[in-house]
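There are 2 protein chains.
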Amino acid sequence: MVSPLKNDRLLRALRREPIDTTPVWVMRQAGRYLPEYRTTRAKAGSFMALAQNPELACEVTLQPLRRFELDAAILFSDILTIPDAMGLGLSFAQGEGPQFAHPVRSRADVERLGVPDMESELRYVMDAVRLIRHELDGRVPLIGFSGSPWTLACYMVEGQGSRDFATAKAMCWNDPALAHTLLDTLAKSVGAYLIAQAAAGAQALMIFDTWGGLLSPAAYREFSLRYMARVVETLKADAHARDLPVILFSKGAGAHLAEMAATGCAALGVDWTIDLADARRAVNGKVALQGNLDPAVLRASPEIIRREVRNVLDSYGNHPGHVFNLGHGITPEVDPEHVKVLVDEVHSYSHQLRSR
Amino acid sequence: MVSPLKNDRLLRALRREPIDTTPVWVMRQAGRYLPEYRTTRAKAGSFMALAQNPELACEVTLQPLRRFELDAAILFSDILTIPDAMGLGLSFAQGEGPQFAHPVRSRADVERLGVPDMESELRYVMDAVRLIRHELDGRVPLIGFSGSPWTLACYMVEGQGSRDFATAKAMCWNDPALAHTLLDTLAKSVGAYLIAQAAAGAQALMIFDTWGGLLSPAAYREFSLRYMARVVETLKADAHARDLPVILFSKGAGAHLAEMAATGCAALGVDWTIDLADARRAVNGKVALQGNLDPAVLRASPEIIRREVRNVLDSYGNHPGHVFNLGHGITPEVDPEHVKVLVDEVHSYSHQLRSR
Numbered sequence: 001m002v003s004p005l006k007n008d009r010l011l012r013a014l015r016r017e018p019i020d021t022t023p024v025w026v027m028r029q030a031g032r033y034l035p036e037y038r039t040t041r042a043k044a045g046s047f048m049a050l051a052q053n054p055e056l057a058c059e060v061t062l063q064p065l066r067r068f069e070l071d072a073a074i075l076f077s078d079i080l081t082i083p084d085a086m087g088l089g090l091s092f093a094q095g096e097g098p099q100f101a102h103p104v105r106s107r108a109d110v111e112r113l114g115v116p117d118m119e120s121e122l123r124y125v126m127d128a129v130r131l132i133r134h135e136l137d138g139r140v141p142l143i144g145f146s147g148s149p150w151t152l153a154c155y156m157v158e159g160q161g162s163r164d165f166a167t168a169k170a171m172c173w174n175d176p177a178l179a180h181t182l183l184d185t186l187a188k189s190v191g192a193y194l195i196a197q198a199a200a201g202a203q204a205l206m207i208f209d210t211w212g213g214l215l216s217p218a219a220y221r222e223f224s225l226r227y228m229a230r231v232v233e234t235l236k237a238d239a240h241a242r243d244l245p246v247i248l249f250s251k252g253a254g255a256h257l258a259e260m261a262a263t264g265c266a267a268l269g270v271d272w273t274i275d276l277a278d279a280r281r282a283v284n285g286k287v288a289l290q291g292n293l294d295p296a297v298l299r300a301s302p303e304i305i306r307r308e309v310r311n312v313l314d315s316y317g318n319h320p321g322h323v324f325n326l327g328h329g330i331t332p333e334v335d336p337e338h339v340k341v342l343v344d345e346v347h348s349y350s351h352q353l354r355s356r
Numbered sequence: 357m358v359s360p361l362k363n364d365r366l367l368r369a370l371r372r373e374p375i376d377t378t379p380v381w382v383m384r385q386a387g388r389y390l391p392e393y394r395t396t397r398a399k400a401g402s403f404m405a406l407a408q409n410p411e412l413a414c415e416v417t418l419q420p421l422r423r424f425e426l427d428a429a430i431l432f433s434d435i436l437t438i439p440d441a442m443g444l445g446l447s448f449a450q451g452e453g454p455q456f457a458h459p460v461r462s463r464a465d466v467e468r469l470g471v472p473d474m475e476s477e478l479r480y481v482m483d484a485v486r487l488i489r490h491e492l493d494g495r496v497p498l499i500g501f502s503g504s505p506w507t508l509a510c511y512m513v514e515g516q517g518s519r520d521f522a523t524a525k526a527m528c529w530n531d532p533a534l535a536h537t538l539l540d541t542l543a544k545s546v547g548a549y550l551i552a553q554a555a556a557g558a559q560a561l562m563i564f565d566t567w568g569g570l571l572s573p574a575a576y577r578e579f580s581l582r583y584m585a586r587v588v589e590t591l592k593a594d595a596h597a598r599d600l601p602v603i604l605f606s607k608g609a610g611a612h613l614a615e616m617a618a619t620g621c622a623a624l625g626v627d628w629t630i631d632l633a634d635a636r637r638a639v640n641g642k643v644a645l646q647g648n649l650d651p652a653v654l655r656a657s658p659e660i661i662r663r664e665v666r667n668v669l670d671s672y673g674n675h676p677g678h679v680f681n682l683g684h685g686i687t688p689e690v691d692p693e694h695v696k697v698l699v700d701e702v703h704s705y706s707h708q709l710r711s712r
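See below:
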């Protein structure tokens, strides 16, 4: 059996309970900025080989926790495991983003897609979750995650990354029924995927909607938010997932926080283009907030990193319900020592702030 | 002498005067989606050779007006002419974005920069403005433009395009005095550049702040908005520029519209991630708004383009002060016939809307 949780700051913050110190983790904390990650990735051969090997995925998940006093681990995986399991053939060309061998364009393409079987086609993910939980031994909670239905659809229709995902948007406009069929299959898949991660041991769940912010408000509601809300509903109806806090993160969607908070999620990820004081007002205390330091600040000096960390903590203030994070993933060129500066400053300054 | 203006819808909308039909133009309307543009560009040899040849720049400026009933012409040029004139060595690699041979990184680099002489180093721009005004013969007004100080600084410090302009941001954090020296020189240059365009015949002026939206609210105020406000102030103090409406456009800065409107500009460009009804409320009738169709809509069918055009017009409503545009530049793969559909629908539907 697994050990009881020794550090529950993250879960308490997500439940908006009082805490003496703000918890902190970093999006993409298991990543290329760490030399030990690059060594393990080189051993695996490719990014997908790393993600599909539970022992190596566990190893890289734990690497940042050995260096920094992080308050959470997040499963090392990719947001595109679901479409890969659907047979689209995911690969990562050197220095390029993700590519699908078989993009989804026609009704036949969409109708061919089924919800993957979580304990066979995506078993490697669940094995990684189980192994990480075992290895963490209760030190900090483990966050499971998925891409949002809309963000998965973006890559599946486009076939690769894009500045504007105009092909995916064109499907929404030219054949909305087809787009909705695809998003419906994806919402079912994301729901089943997150439930399986919960059953395997994940203790919080996050949905990354990287491309929701590319949509107009009306299109965001129709094609992105609606399906995240459906996933949250599915999770709330499941015995394994029901009690896990769910974090929704739509990058560039600062204008939609109130509507996102109404989905029943526990928390919202917030990027750095909105002040946390404004974000708190927008959600009116209904959910916790996670964020929101500009990741580019990690390129600045330790002194500036500390100042900007304090600014983010001050902007949220001494209220329950804050999880410190970057506003987007950490970038490869960051000095790991700067991450240590960030994590330590979050703890020491928030402890002062919260004891006032 | 130049002919009197036959179509003054744009200028009247920018002054928030009543109009019977909403004016429309399209960001990057002289661009690669037009086969005749590609032919002229091939003749010029390179993008910069095209921009630096007043006859060819005039030719491509007028091309979209021969096809579509646009209500404005916009000078064909690049946002990076100022740093090029400062000696940074601008080039455009095939299929890549802009590149500077000499990026600006040190205090010595910044102190070497001077305000370019507008009638020598940037004479090709002023010659193009004069020629276009002559050739337009009063048909529609001519919009002059510049990149914003912050957006110019982004490219100058980074040396090229970037997802996050982390090098430019790092300068702001690590050596804010240096960043402010650079931005001060750029604000003076942008002011002089737009005044020279006004003196040469531009009838409205637009400042493109493509990367303001990458900043946190505090950094946006300090490094982007402050310097646009200073440019507006400079323009208002000049006899040639004083009466020209100024349009500010910070992409992704929907949260800052009220502060932008307080600069003394006439209008704000608005991207498609905010509803125009909300944008109108934010600026409280103080400025006109220009936008905001998602450019990706031009990939949809004519029927959908018409529907989405009507949605944008309806979201603004029958109030003075709307200039229809995309929320960002038109992309190369768009069918020119779709632009015709857009322009014609703006005119016919807004005429109905405004006669109610």
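One line per chain: the protein sequences are A and B, in this order. Residues 1 to 356 in the working numbering are what the first sequence lists, from first letter to last. Residues 357 to 712 in the working numbering are what the second sequence lists, from first letter to last. We put the beta carbon where it would ideally sit given N, CA and C, even for glycine.
When the options are compared against residue i, the one with the closest alpha-carbon
i	options	result
residue 86 of chain A	A/101, A/198, A/115, A/97	A/115
residue 332 of chain A	A/295, A/356, A/321, A/308	A/295
residue 680 of chain B	B/432, B/412, B/378, B/550	B/378
residue 456 of chain B	B/468, B/439, B/532	B/439
residue 211 of chain A	A/315, A/94, A/253, A/245	A/253
residue 488 of chain B	B/594, B/372, B/633, B/428	B/428
residue 367 of chain B	B/444, B/494, B/415	B/494
residue 569 of chain B	B/579, B/561, B/562	B/579
residue 147 of chain A	A/108, A/174, A/187, A/180	A/187
residue 581 of chain B	B/682, B/624, B/430	B/624
residue 585 of chain B	B/553, B/564, B/618	B/618
residue 119 of chain A	A/110, A/189, A/300, A/206	A/189
Extent of the continuous alpha helix (DSSP H) to which residue i belongs
i	result
residue 553 of chain B	532-556
residue 563 of chain B	It is not in any alpha helix (DSSP H) - residue 563 of chain B instead sits in the beta strand (DSSP E) that spans 560-565.
residue 484 of chain B	479-492
residue 292 of chain A	Segment 288-293 is the beta strand (DSSP E) holding residue 292 of chain A; no alpha helix (DSSP H) there.
residue 603 of chain B	Here residue 603 of chain B belongs to no alpha helix (DSSP H); instead the beta strand (DSSP E) covers 602-606.
residue 304 of chain A	302-316
residue 359 of chain B	No alpha helix (DSSP H) holds residue 359 of chain B; DSSP gives it neither H nor E.
residue 706 of chain B	692-710
residue 613 of chain B	613-617
Contacts that residue i makes with chain A (C-beta to C-beta distance below 8 angstroms)
i	result
residue 363 of chain B	Going along chain A, no residue has its Cβ under 8 angstroms from residue 363 of chain B, so there is no contact; the nearest lies around 29 angstroms.
residue 687 of chain B	164, 166
residue 608 of chain B	252, 273
Helix, strand or coil at residue i according to DSSP, with G and I counted as helix
i	result
residue 268 of chain A	strand
residue 409 of chain B	coil
residue 429 of chain B	strand
residue 279 of chain A	helix
residue 450 of chain B	coil
residue 106 of chain A	coil
residue 47 of chain A	helix
residue 591 of chain B	helix
residue 11 of chain A	helix
residue 685 of chain B	coil
residue 579 of chain B	helix
residue 385 of chain B	coil
residue 416 of chain B	helix
residue 24 of chain A	strand
Within chain B, the residues that residue i reaches when beta carbons sit closer than 7 angstroms
i	result
residue 272 of chain A	572
Residue span of the beta strand (DSSP E) that contains residue i, given as start and end
i	result
residue 679 of chain B	678-682
residue 502 of chain B	498-503
Buried/exposed call for residue i, threshold 16 Cβ in 10 Å
i	result
residue 241 of chain A	buried
residue 53 of chain A	buried
residue 712 of chain B	exposed
residue 453 of chain B	exposed
residue 684 of chain B	buried
residue 281 of chain A	exposed
Chain-ordered chain B contacts of residue i [CB-CB under 9 angstroms]
i	result
residue 169 of chain A	650, 652, 653, 655, 656
residue 72 of chain A	Here the premise fails: no neighbours, minimum Cβ distance about 24 angstroms.
Within chain B, the residues that residue i reaches when beta carbons sit closer than 8 angstroms
i	result
residue 211 of chain A	Result: empty, since nearest Cβ-Cβ is about 12 angstroms, beyond 8 angstroms.
residue 255 of chain A	610, 611, 629, 630, 634
Proximal residues of chain A, C-beta to C-beta of residue i below 7 angstroms
i	result
residue 660 of chain B	173, 174
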